[in-house]
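Here the protein sequences come in this chain order: P and A.
If you count the first sequence from 1, position 286 lands on 286 in the working numbering, and the numbers rise without skipping.
If you count the second sequence from 1, position 235 lands on 1235 in the working numbering, and the numbers rise without skipping.
The beta carbon of each residue, even a glycine, is placed where N, CA and C say it ideally should be.
These numbers were taken from a predicted model, which means no experiment stands behind them.
Worksheet: the structure to be examined is printed underneath.
2 protein chains.
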Amino acid sequence: MNARWVLARRPVGLVADSDFRLEEVPVPSLSDGQFLVQVIYLSLAPVMAQYVLDGGVIEKPVAIGETMRGRGVGVVVSSRHAGFVVGDVVHGPFGWQKFAISDGKGLVFKMRDWAGAISNGLGALGLTGFTAYFGLFDVARVRAGDTLLVSGAVGGVGSVVGQIARIAGADPVGIAGSDAKCGIATESLGYRAAINYNSEDVRSRIAALAPGGIDVYFDNVGGDILEAAIDNMANDGRIAICGSISQYLATGSRKGPANYFNIVYRNVKMQGFHIYSYANRFVEAEARIARWIRDGRLAPREDRIYGLESMPAALQRLFASANTGKQVVQIADDTVSVGVR
Amino acid sequence: MNARWVLARRPVGLVADSDFRLEEVPVPSLSDGQFLVQVIYLSLAPVMAQYVLDGGVIEKPVAIGETMRGRGVGVVVSSRHAGFVVGDVVHGPFGWQKFAISDGKGLVFKMRDWAGAISNGLGALGLTGFTAYFGLFDVARVRAGDTLLVSGAVGGVGSVVGQIARIAGADPVGIAGSDAKCGIATESLGYRAAINYNSEDVRSRIAALAPGGIDVYFDNVGGDILEAAIDNMANDGRIAICGSISQYLATGSRKGPANYFNIVYRNVKMQGFHIYSYANRFVEAEARIARWIRDGRLAPREDRIYGLESMPAALQRLFASANTGKQVVQIADDTVSVGVR
Chain P
1 MNARWVLARR PVGLVADSDF RLEEVPVPSL SDGQFLVQVI YLSLAPVMAQ YVLDGGVIEK
61 PVAIGETMRG RGVGVVVSSR HAGFVVGDVV HGPFGWQKFA ISDGKGLVFK MRDWAGAISN
121 GLGALGLTGF TAYFGLFDVA RVRAGDTLLV SGAVGGVGSV VGQIARIAGA DPVGIAGSDA
181 KCGIATESLG YRAAINYNSE DVRSRIAALA PGGIDVYFDN VGGDILEAAI DNMANDGRIA
241 ICGSISQYLA TGSRKGPANY FNIVYRNVKM QGFHIYSYAN RFVEAEARIA RWIRDGRLAP
301 REDRIYGLES MPAALQRLFA SANTGKQVVQ IADDTVSVGV R
Chain A
1001 MNARWVLARR PVGLVADSDF RLEEVPVPSL SDGQFLVQVI YLSLAPVMAQ YVLDGGVIEK
1061 PVAIGETMRG RGVGVVVSSR HAGFVVGDVV HGPFGWQKFA ISDGKGLVFK MRDWAGAISN
1121 GLGALGLTGF TAYFGLFDVA RVRAGDTLLV SGAVGGVGSV VGQIARIAGA DPVGIAGSDA
1181 KCGIATESLG YRAAINYNSE DVRSRIAALA PGGIDVYFDN VGGDILEAAI DNMANDGRIA
1241 ICGSISQYLA TGSRKGPANY FNIVYRNVKM QGFHIYSYAN RFVEAEARIA RWIRDGRLAP
1301 REDRIYGLES MPAALQRLFA SANTGKQVVQ IADDTVSVGV R
């Protein structure tokens, strides 16, 4: 039998447990060109709030009664697809369920290298890490010597951004929501310093920690912190707009940076990017990040909880800023990661 | 005798005549390394409102009693500077006055080619035209085939942007504030179509006129029109933030684009730029634009009024959207332009 979470009703404001319903259904049988994945880990990301609220701009909202959308990593357990054989480790948009049928299309990615645990396929070696990689190198064009500011520094993406920035010779400063998180940022995630936005004045702390200005701001949060960053950019600075967790659940009008025009005076570039655009280069990012993990230069940070039944709670953890590192849920025994590498 | 406008008091909201005071003072004598310019034309630009309000981010506000800041074009009438001789045509930050002393520093530019009238040194062949040129080619990286949207399409910068975009093989659509201006945009300024923001729904008109999306948005206004443009960008679109006339006089908080996050879904780049950064390439822009003027491919559009006493009124024209093309004031006989080319 398969088990899956479906959307029971459209949430109002914060996502609640009762917005979802856990169902048992039969595992469907395969057609030609399909394979069956046993999902072992499921991913949580802030953008999922948009899937259930309004879909954002390019995604359709999840329909009531539909399996909740989300990426997972797992193992192919049967296949009628020429490109996937039993035992392949794959991550893809398998949804909040134990077993998923796939035809290999739609950003399904066969892991070549998981450098540790296959759960990294949702974190540093999955779209989370690829977002950090392409956001830094292709969008922000980070260079050795750049002073980098990262909001959500201890979140899924931010926990990789700091470490890759350090590998690239840049000087990352993080922003996070507690002293404990700031400690993790500086001790484990490559950050030179970290700002607690709940207890410190972010604008003046940025100025103090980066007196020459910020060359690159990697934004995961939007809102007031984006404005504080804009006011501290160096000439020719780059802002990579990755996420906007402060605005996803905003009711009524969302907030744009009121001081956006200041980008004019310093020739600042602000660029949005969507990781799907880089799909043809995921293999490049995976290979490099895997090498950094094996070389001990990048330590993926994961916040793992257990059981399919924990999915709604895991999503709520993101908006409560409870997670440190990539939030994943393990929903089956992992017989793949152990002792493989 | 020299005559000059000084700032009499700091304006509140809109700039009024009584914020300035016209004075007669002696023409100062030259020291070594200086030259004297007789100013013939003075420039008006929306950003001047910031000079008298708060200075914006990088300029100091004009002090009470100080000569009002602004660029002019004129002729060197005496010189103790090795690099400038009597008869040289120069544009520079000479202020609102008849005679200015200069040491040649601070963005003083000796015109090599004025292709028509020297007043072009404030328009197409001055910082206005250079802003169009570098904004299009270096910031927005316009390519042949691009669909381009330009706000303030009939203003100083916009009236050049449309024509250069057309020369570059792009397809410009303008936005302006009246049917008359929209007519000028399409008949004289290279625009394929124009939207009257006072009588049409800008968002839906952009969508109708650019069904494949906007590749480049050249923003001179900010505010609601910037938001409408953001919602209509094509994948990998570029937004060049040049001006924000809707916000310069805003009292209280300025408005950022509430939908800025939509740049994420389409990989849009939004870049501010400041023309001073391109000073080492002004000669390139002047030579190319002058050639286009002489070849009949670019017709500078100028809105000229007369007399130094008209300066405050000329500034007010910009915020009343009264000007079509570059607003200049002629304050002396032009004995240079006539019959030279």
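- In this chain, the alpha helix (DSSP H) harbouring A/Met1311 covers 1311-1319.
- Using a CB distance cut-off of 9 Å, A/Tyr1265 counts as an interface residue toward chain P.
- The shortest C-alpha to C-alpha distance from P/Gly70 to any of P/Tyr51, P/Tyr197, P/Val77, P/Ile64 is the one to P/Tyr51.
- Put simply, of P/Gly116, P/Gly74, P/Val161, P/Leu122 the residue whose alpha carbon is nearest the alpha carbon of P/Phe137 is P/Val161.
- Contacts with chain A at 9 Å (Cβ-Cβ) include P/Gly243.
- Fewer than three Cβ pairs drawn from the region 257-264 of chain P and the region 285-296 of chain P lie within less than 8 Å of each other, which leaves the two stretches out of contact.
- At a cut-off of 9 Å, the C-beta of P/Asn280 has no neighbouring C-beta in chain A.
- Straight-line spacing of the CA atoms in A/Leu1125 and P/Arg143 works out to 36 Å.
- Beta-bridge partners of A/Thr1147 (DSSP): A/Asp1171.
- For P/Arg4, the enclosing beta strand (DSSP E) begins and ends at 2-7.
- Within the DSSP secondary-structure output, A/Gly1272 pairs in a beta bridge with A/Ile1241.
- What P/Ala258 touches in chain A, judged by beta-carbon distance under 8 Å, is Ser1253, Arg1254, Lys1255, Gly1256, going in chain order.
- For A/Gly1087, none of the residues of chain P pass the 9 Å Cβ criterion, the least Cβ distance being about 36 Å.
- For P/Ile164, no pairing in a beta bridge is given by DSSP.
- Bounds of the alpha helix (DSSP H) holding A/Arg1291 are 1282-1294.
- Ranked by Cα distance from A/Val1150, the first of A/Arg1281, A/Ala1322, A/Ile1241, A/Glu1309 is A/Ile1241.
- By the Cβ-count criterion, A/Leu1107 is exposed, with fewer than 16 other Cβ atoms from all chains shown falling within 10 Å of its own Cβ.
- In this structure, P/Ala100 keeps its C-beta atom at 9 Å or more from the C-beta atom of P/Ser337.
- Judged by DSSP secondary structure, A/Ile1040 falls within the beta strand (DSSP E) whose first and last residues are 1035-1043.
- Using a 10 angstroms sphere on the CB of P/Tyr306, the tally of other CB atoms stays under 16, which defines it as exposed.
- Between P/Ala234 and P/Ile206, the C-beta gap is not smaller than 9 Å, which leaves the two residues out of contact.
- Closest in C-alpha terms to P/Val73, from the list P/Gly83, P/Ala49, P/Ser43, comes P/Ser43.
- Judged by DSSP secondary structure, A/Gly1223 falls within the alpha helix (DSSP H) whose first and last residues are 1223-1230.
- Annotated as distal: P/Ala3 and P/Arg112, with beta-carbon spacing of 9 Å or more.
- The continuous alpha helix (DSSP H) containing A/Gly1183 extends over residues 1179-1188.
- Contact residues of the region 1277-1302 of chain A toward chain P are Ser1277 (C-beta to C-beta distance below 8 Å).
- Closer than 9 Å to the CB of A/His1091 there is not a single CB belonging to chain P.
- In the structure shown, the three-state DSSP call for P/Gly74 is strand.
- In its chain, beyond the 5 residues on either side, Leu1226, Glu1227, Ile1230 have a beta carbon closer than 6 Å to the beta carbon of A/Pro1257.
- In the DSSP assignment, A/Arg1021 falls within the unbroken beta strand (DSSP E) covering 1020-1025.
- The Cβ-Cβ distance between A/Ser1244 and A/Gly1222 falls below 9 Å.
- With respect to the 9 Å criterion, P/Gln327 and P/Gly183 are not classified as neighbours on the basis of their beta carbons.
- The Cβ atoms of P/Tyr41 and P/Ile289 do not sit closer than 9 Å to each other.
- Burial check for A/Glu1302: the Cβ neighbour count within 10 Å reaches 16 or more, so the residue is buried.
- Shown here, P/Ser204 sits in a helix according to DSSP, grouped into three states.
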